[in-house]
């Protein structure tokens, strides 16, 4: 039986009210060349329109020296590691938050931190981001230092606590 005849037979078997799923071909985006169409769509959604606008070189990233307070933060983390303080990494519950949290815990342990743990606020009980109540609970639990991953920029009350 030909593919066409088989398709018609399957259409009749589905019935009149059935919805048919049709696979569309992915036409490459001319502005992004050989880039995968899904990634091209993500870039377009972020306001980019060509491969020339996408620069993945590390030189284009913000240098660590331009992060305000980075020297003080690094000194504080080093002191906490040396003193054996309890370090708590608080991450977000999404994919990049979980990945960043795992990476931070791993890196701190590789740097010699003996007392490192992580916490992720419960989305429904603790709300979104680093809340003041959550930060206070971590502090009451004996944390010497709290490091946030993938949140904290807009969580002023939690950071202040």
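Residue numbers (the working numbering): 583 to 743. Don't be surprised by glycine CBs; every beta carbon is placed ideally from N, CA and C. This one's a predicted model, so the numbers in the text were calculated from it and none came from an experiment.
Each residue's CA atom was taken as its position, placing residue 636 and residue 617 some 11 Å apart. Residues 662, 667 and 668 of the same chain have their beta carbon placed closer than 6 Å to that of residue 726, with the five preceding and five following residues left out of the count. Annotation for residue 663: the continuous alpha helix (DSSP H) segment containing it runs 652 to 665. In the DSSP assignment, residue 699 falls within the unbroken beta strand (DSSP E) covering 698 to 701. According to DSSP, residue 620 shares a beta bridge with no other residue.
Within the segment 699 to 725, complete alpha helix (DSSP H) segments of at least 4 residues are found at 714 to 722, given in chain order. Sequence-distant partners of residue 693 (beyond 5 residues in either direction) whose C-beta falls short of 7 Å from its own C-beta, in its chain, are 663. In this model, residue 657 and residue 651 are separated by some 10 Å (Cα to Cα). Each of 687, 699 and 614 was checked against the Cα of residue 723, and the nearest Cα belongs to 699. Straight-line measurement puts the Cα of residue 633 at about 35 Å from the Cα of residue 687.
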